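Read top to bottom, the protein sequences are chains A and B. Anchor point for the first sequence: position 264 equals 264 in full-length UniProt numbering, and the numbering is continuous, going up by one each time. Anchor point for the second sequence: position 150 equals 150 in full-length UniProt numbering, and the numbering is continuous, going up by one each time. Even glycine gets a Cβ: it sits at the ideal position worked out from N, Cα and C. From a predicted model like this one, the values you see are computed outputs, not experimental measurements. Note sheet for the following structure.
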Amino acid sequence: MLSLPSPLQKLDPARRIALLVAGLLLAQFFLMSLHARARALGQSVPRVALLTVLQPLQKASDAVITTVVAAWKGYVDLRGVYATNQRLQAENDRLRLLLVEREREALDGQRLRELLALKQSAPAPTVVANVIGGDGTPWFRQILLDKGSLDGVLVNAPVVTPQGLVGRVVAVGPNVAVVQTIADGQAGVGATLAVSRVNGELRGQNQPLCRLDNVSGLTDVSEGEMVLTSGLDGVYPKGLIIGMVETVERGSGAGLHRIQVRPAVPLERLEEVAVLPPTIRVTVSDLLRPSPATKSPAKSK
Amino acid sequence: MLSPYVMRQSLPQRRASTNLIVLELGPTARVTVALLLMVALQTTLVRLPYFGFVFEHVDFILILTVFVGVQPRALRAALVGMTGGLLQDLVWGVLYGASGFTKMLIGYALAVVSVKFSLDSKVTRLLVLPLCSVVNTGLFAFFLYFFSMLPPGTTFRDVVRVGMFALLGNGLAGLALFPLGDRWLGKWIAVRSTDEPLAPRAF
Chain A
1 MLSLPSPLQK LDPARRIALL VAGLLLAQFF LMSLHARARA LGQSVPRVAL
51 LTVLQPLQKA SDAVITTVVA AWKGYVDLRG VYATNQRLQA ENDRLRLLLV
101 EREREALDGQ RLRELLALKQ SAPAPTVVAN VIGGDGTPWF RQILLDKGSL
151 DGVLVNAPVV TPQGLVGRVV AVGPNVAVVQ TIADGQAGVG ATLAVSRVNG
201 ELRGQNQPLC RLDNVSGLTD VSEGEMVLTS GLDGVYPKGL IIGMVETVER
251 GSGAGLHRIQ VRPAVPLERL EEVAVLPPTI RVTVSDLLRP SPATKSPAKS
301 K
Chain B
1 MLSPYVMRQS LPQRRASTNL IVLELGPTAR VTVALLLMVA LQTTLVRLPY
51 FGFVFEHVDF ILILTVFVGV QPRALRAALV GMTGGLLQDL VWGVLYGASG
101 FTKMLIGYAL AVVSVKFSLD SKVTRLLVLP LCSVVNTGLF AFFLYFFSML
151 PPGTTFRDVV RVGMFALLGN GLAGLALFPL GDRWLGKWIA VRSTDEPLAP
201 RAF
């Protein structure tokens, strides 16, 4: 059995415990300093290990909650089912038409890429995941998914739903992933106003609405205008739907607008999301670089 | 007066019954299970429709820390607070050590105070919990501010608002959870009057 150093042995138990607690508090303060300096938002071995261990528990409790909620909605809350059904059928028809158009555009894009002989790294497949938890605190807005690196989820991968952008993966374990939503106070997204095509920076506020910064007061912005990803942040692909302008406090000529944006995705009621591959890096093939001068067939003879 | 040895022997020991699978866990295992369960619940209850936002302002780990801390066992309370807080920090992934620090301090302080003043009555601990909740929120916000990790645009008014909601949320949750804690952990956590209040053993 280990024996304490003699100075500590002379102390009574209460003082020894006080010293131990003080030492542990100091150690945790140093841990905070180290972590704040490292500024690593999410990926760390202890965090991934804990989330991996917790994932079955979270999945089980989420299954219980989902079952109870489904029972409530299925057998008790029958009001408006017919109207919702009609609305969804109309939306489905509209989306089918849009899908046909998008498929045509995708084919055009594929053909152009082949023509330019762009080389792409093999993209990881899109992963569909269930949301099994949130962060449970008013300071942050993160969600937990039940898929991880074993399923092809990568750090910094954009996360979307059919309605629009959710956020990005900040930490991933073998069977779990942490997503920082766009509503998180520390989240930022490069954004573009759909009509005016002006770029700005979308910031989360830990609230239902986000803030669109750095939009000049000279820009014409209207409420209801759609906000899309600009692709300039290098994380989110261009053209994803972020949300719609909710309110605009118009700035003067020299000032900036104060714009509030409502996310298109209901971030408090997420069930399933799609994790896209991280933004693909594209390299231009050698064919497009200036080639060294070649001998003409006549001169070579 | 019974000796401490006899009193410890009188506590139910860990055993498995072949008739009905009943595994009586020791206090360490029970507290560990409770901590993991609290962390899992904290992340899943927020997803309840219509009511999920309420659980953003309920800190289950803090409630467990106060439950353990009102007994005059300083090291145990400090370790429960530190472990639970560090688990929370790992789940949030923003400032490792912040929650561990605050909850360890709260657990230790409560246990030290409970030596002089009896805090483990049903009414007193319900009054202590909101106070600890405010301290926890204030300290945590202070550390976020100190290390520049506070969400941009957060004002002092926002911190006060969060603190008030936490006071209310934790107080109401304590009403439901403390009786559950008494059933699951009560006889393992309660300190006998003959034991030294600040004995060096954790459990």
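Exercise for the section: Between the Cα of Arg47 of chain B and those of A:Gln180, A:Gly134, A:Val64, A:Arg203, spot the shortest distance and give me the residue it belongs to. Expected result: The sequence position of residue 47 of chain B within the second sequence is 47, counting from 1. Taking each of A:Gln180, A:Gly134, A:Val64, A:Arg203 in turn and checking the Cα distance to Arg47 of chain B, the smallest one comes out for A:Gly134.
Exercise for the section: Would you kindly report the start and end of the unbroken alpha helix (DSSP H) that includes Asp182 of chain B? Expected result: Numbered from 1 along the second sequence, position 182 holds the residue referred to as residue 182 of chain B. That run of the alpha helix (DSSP H) goes 156–184.
Practice task
Look at the alpha carbon of Thr229 of chain A and the alpha carbon of Arg16 of chain A, and state the distance between them as a whole number of angstroms.
Solution key: Reading the first sequence from its first residue, position 229 is the one you call residue 229 of chain A. Reading the first sequence from its first residue, position 16 is the one you call residue 16 of chain A. Going by the C-alpha atoms only, they are around 57 Å apart.
Practice task
Reducing DSSP to helix, strand and coil, say where Ala18 of chain A ends up.
Solution key: The residue you call residue 18 of chain A lines up with position 18 of the first sequence. Ala18 of chain A falls in the helix class under three-state DSSP.
Practice task
Spatial neighbours of Lys299 of chain A within its chain, please: CB distance less than 8 Å, with the 5 preceding and 5 following residues excluded, ordered by chain position.
Solution key: The residue labelled residue 299 of chain A in the question sits at position 299 within the first sequence. Residue placement at Lys299 of chain A cannot be trusted, given a pLDDT of 42 that sits under 50; the coordinates are not used to answer.
Practice task
Can you pull the chain A residues whose beta carbon is under 7 Å from the beta carbon of Ala40 of chain B, in chain order?
Solution key: Translated into the one-based positions of the second sequence, residue 40 of chain B becomes position 40. Those within 7 Å of Ala40 of chain B in chain A are Leu54, Leu57, Gln58, Ser61.
Problem - Buried versus exposed, by CB contacts within 10 Å (16 or more), Lys122 of chain B - result: Start at 1 with the first residue of the second sequence, and residue 122 of chain B comes out as number 122. By the 10 Å Cβ count, Lys122 of chain B comes out exposed.
Exercise for the section: At 8 Å on the CB atoms, spell out the chain A contacts of Ala34 of chain B, in chain order. Expected result: Within the second sequence, residue 34 of chain B is the residue found at index 34, counting from 1. What Ala34 of chain B touches in chain A: nothing, since even the nearest Cβ is about 12 Å away.
Exercise for the section: Using three-state DSSP, classify Ser33 of chain A as helix, strand or coil. Expected result: One-based indexing of the first sequence puts residue 33 of chain A at position 33. In the three-state DSSP reduction, Ser33 of chain A falls in the helix class (H, G or I).
Handout entry: Leu86 of chain B versus Leu256 of chain A: straight-line alpha-carbon distance, rounded
Key = Against the second sequence, residue 86 of chain B aligns to sequence position 86. Against the first sequence, residue 256 of chain A aligns to sequence position 256. Roughly 41 Å between the two C-alpha positions.
Problem - Assigned secondary structure, Leu37 of chain B (DSSP; H/G/I helix, E/B strand, else coil) - result: Here residue 37 of chain B refers to the residue found at position 37 when the second sequence is read from its first residue. Correct three-state label for Leu37 of chain B: helix.
Handout entry: Among B:Asp182, B:Arg183, B:Gly153, the one whose alpha carbon lies nearest that of Arg203 of chain A
Key = For this step, residue 203 of chain A is matched to residue 203 along the first sequence. For the set B:Asp182, B:Arg183, B:Gly153, the Cα lying nearest the Cα of Arg203 of chain A is the one of B:Gly153.
Exercise for the section: Return helix, strand or coil for Val159 of chain A, following the three-state DSSP convention. Expected result: Stepping through the first sequence from its first residue, residue 159 of chain A is reached at position 159. In the three-state DSSP reduction, Val159 of chain A falls in the strand class (E or B).
Problem - Local Cβ density within 10 Å of Val195 of chain A, reported as buried at 16 or more and exposed below that - result: Reading the first sequence from its first residue, position 195 is the one you call residue 195 of chain A. Exposed, since its Cβ has fewer than 16 Cβ neighbours within 10 Å.
Problem - Tyr96 of chain B: contacting residues in chain A (beta-carbon distance under 7 Å) - result: Indexing the second sequence from 1 puts residue 96 of chain B at position 96. Near Tyr96 of chain B (Cβ distances below 7 Å), the residues of chain A are Leu31, Met32, His35.
Practice task
Check the Cβ-Cβ distances between Tyr108 of chain B and every residue of chain A, and say whether any is below 8 Å.
Solution key: Within the second sequence, the letter at position 108 stands for residue 108 of chain B. Chain A, which has a Cβ nearer than 8 Å to the Cβ of Tyr108 of chain B, makes this yes.
Exercise for the section: Identify, in the order they occur along the chain, each residue of the same chain with its Cβ nearer than 6 Å to the Cβ of Ala274 of chain A, setting aside the five sequence neighbours on each side. Expected result: The residue given as residue 274 of chain A occupies position 274 in the first sequence. Thr126, Val128, Val160, listed in sequence order.
Handout entry: Asp89 of chain B - containing alpha helix (DSSP H), residue span
Key = Position 89 of the second sequence, counting from 1, holds the residue named residue 89 of chain B. Where Asp89 of chain B is concerned, the enclosing alpha helix (DSSP H) stretches over 74–92.
Problem - Arg250 of chain A vs Gly200 of chain A beta-carbon contact at 8 Å - result: In the first sequence, the residue the question calls residue 250 of chain A occupies position 250. In the first sequence, the residue the question calls residue 200 of chain A occupies position 200. Cβ atoms of Arg250 of chain A and Gly200 of chain A: not closer than 8 Å.
Handout entry: Contact between the stretch 104–122 of chain B and the stretch 62–69 of chain B (3+ Cβ pairs under 8 Å)
Key = Contact holds: three or more Cβ-Cβ distances are below 8 Å.
Exercise for the section: Tell me where the beta strand (DSSP E) around Ile242 of chain A begins and ends. Expected result: Counting from 1 along the first sequence, the entry for residue 242 of chain A is found at position 242. Its beta strand (DSSP E) spans residues 241–249.
Exercise for the section: For my contact list, Asp93 of chain A and Phe140 of chain A are in at a C-beta cut-off of 8 Å; report their separation, rounded to the angstrom. Expected result: As a working mapping, residue 93 of chain A is identified with position 93 in the first sequence. As a working mapping, residue 140 of chain A is identified with position 140 in the first sequence. The beta carbons of Asp93 of chain A and Phe140 of chain A sit about 39 Å from each other, so the pair does not count as a contact at 8 Å.
Practice task
Using a Cβ-Cβ cut-off of 8 Å, state whether Ala171 of chain A counts as contacting chain B.
Solution key: Taking the first residue of the first sequence as position 1, residue 171 of chain A is located at position 171. It does; some Cβ of chain B falls within 8 Å.
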